[in-house]
Amino acid sequence: MILPEAAFCPCRPPFALQDFSAFVDFPMSLPNKKNTLFGAALLGACLAVVASVPAAAFLASVMGDDYDTRVLIYGGLLLWSVVGAISIFILTKDAEGKPMTLGQTVLWFVSAWLWPLLVIAHAVSSSRRNR
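Oh and the sequence shown: position 81 is 329 in the working numbering, straight run, nothing missing.
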């Protein structure tokens, strides 16, 4: 039995894909959610930490007398502002929807340093809502 040459053609698939829409028309299984992780909140937190580096260095140079004291003060202040930026990011990541402005960047910087007050205010307001 001799087969036609078209049967051995490597460019032709072994089965016909004439109804390709059967493979494409499936609806997505999960709805597309808006990605809130990479938005204005993350940008604000990053800019607050970047702005906190020279601020912590300046405060450490003013407060510390010797090198070891300045290093401890700088490390503590930088840790304080990083924890603050992360805390504020967690509290506001879903609410931020507008593009960043200079005023919001300054607000993020101040919030990264005063974060315990904002976390306490959030805890008090959420406990009042749950009553």
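For each residue, glycine too, the CB sits at the ideal point set by N, CA and C.
Remember, predicted model here, so these are calculated numbers, not experimental data.
Could you tell me the alpha carbon to alpha carbon distance between residue i and residue j, rounded to whole angstroms?
i, j, result
"Ser-373", "Tyr-315", "43 Å"
"Ala-369", "Ser-375", "10 Å"
"Ala-299", "Asn-378", "36 Å"
Considering only the beta carbon of each residue, do residue i and residue j sit closer than 8 Å?
i, j, result
"Ala-333", "Ala-305", "no"
"Arg-318", "Gly-312", "yes"
"Lys-341", "Ala-289", "yes"
"Trp-363", "Ile-336", "yes"
"Leu-295", "Trp-356", "yes"
Pull up the CB-CB distance for residue i and residue j, whole angstroms please, since I reckon it's below 8 Å.
i, j, result
"Val-297", "Ser-329", "6 Å"
"Leu-326", "Val-301", "7 Å"
"Tyr-322", "Ala-308", "4 Å"
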